[in-house]
Amino acid sequence: MTGKNQQVQTYIDSSSTWKKELTLLRQILLTTELKEEFKWHSCYTFENNNVLILSSLKRVALSAFSRVLLKDKHQVLSKPGENSQSARVIRFRSVDKIVELEPILKKYISEAIQIQQKGLKVDFDQKGDLDFPPELQDEFKRQPKLKKAFEALTPGRQRGYILFFNGAKQSKSRIARINKETDRILAGKGIHDCICGLSNKLPSCDGSHKALKK
3 MTGKNQQVQT YIDSSSTWKK ELTLLRQILL TTELKEEFKW HSCYTFENNN
53 VLILSSLKRV ALSAFSRVLL KDKHQVLSKP GENSQSARVI RFRSVDKIVE
103 LEPILKKYIS EAIQIQQKGL KVDFDQKGDL DFPPELQDEF KRQPKLKKAF
153 EALTPGRQRG YILFFNGAKQ SKSRIARINK ETDRILAGKG IHDCICGLSN
203 KLPSCDGSHK ALKK
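Each residue of the sequence shown is one higher than the last, beginning at 3 in this note's numbering.
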């Protein structure tokens with residue numbers, strides 16, 4: 003059992019919904035080998051590697067595993083989004099459901115720790131997976147620094163940009179999006195990362211920058 007992190011306690015105490023569910027999930031997590039930390043959310047790590055995140059989003063309290071390597075024999079994991087590659091989540095809507103799934107949850111955490119101990123990694127095959135728009139490739143030729151900065155981004159951040167650029171149907175719209183995000187890429191930031199430093203959920207942006215416009 004690891005020690006409690008005061009920031010996590012504050013996060014749960016300030017939650018207006020799902021407080022009982024968050025508290026119970028936390029109690030379960032504290033019985034494992036994971037270390038409780040507070041980064042952009044309540045984060046649980048093993049040997050300094052992120053294993054899962056505990057958070058409350060809209061109507062659900064959820065536990066987000068950081069890897070797709072879990073076997074999921076009980077079919078309780080799901081993708082947090084359509085384009086998610088490695089992340090998987092378990093969504094809880096009641097205390098009763100948490101109690102029901104507690105044995106499975108503990109088995110999955112044990113498996114996740116073993117994955118960390120073995121040093122297993124997700125093979126994304128990024129070159130074959132990412133469809134670089136021609137406008138971005140042209141910009142890379144004009145700005146070698148931009149290409150170097152983009153390649154230095156994490157696979158997830160690269161994918162986020164590619165999905166955003168390819169989401170524009172017209173070439174001129176893709177060019178506009180690339181130009182708009184160039185400074186962010188050069189700064190080593192992902193498309194959803196905070197760049198003003200005001201976010202309460204670093205490194206993600208939570209909209210706090212809007213206060214600067216008032």
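All residues carry an ideal CB built from backbone N, CA and C; glycine is no exception.
- When C-alpha distances from LYS174 are compared across LEU32, GLU137 and ASP195, the shortest belongs to GLU137.
- Relative to LEU148, the option among ARG179, ARG161, ARG186 and GLN118 whose CA is nearest is ARG186.
- Residue range 173-188 is occupied by the alpha helix (DSSP H) that includes ARG186.
- If you draw a straight line from the Cα of ASN168 to the Cα of GLN29, it comes to about 43 Å.
- With contacts defined by Cβ atoms closer than 9 Å, THR19 and SER112 do not form a contacting pair.
- Per DSSP, the continuous alpha helix (DSSP H) segment holding PHE167 begins and ends at 157-168.
- One Cα belongs to GLU104, the other to HIS43, and the distance between them is close to 21 Å.
- Using a Cβ distance threshold of 9 Å, LEU56 and VAL10 count as a contacting pair.
- The beta-carbon distance between SER58 and SER17, rounded to whole angstroms, is 5 Å. This is short enough to meet the 8 Å contact definition.
- Setting aside the 5 residues that flank it on each side, VAL97 is surrounded in the same chain by LYS22, GLU23 and LEU26, each with a C-beta closer than 7 Å to its C-beta; the list follows chain order.
- By the C-beta density criterion, GLU153 is exposed, having fewer than 16 other C-beta atoms within 10 angstroms.
- When DSSP states are grouped into helix, strand and coil, ILE55 belongs to the strand group.
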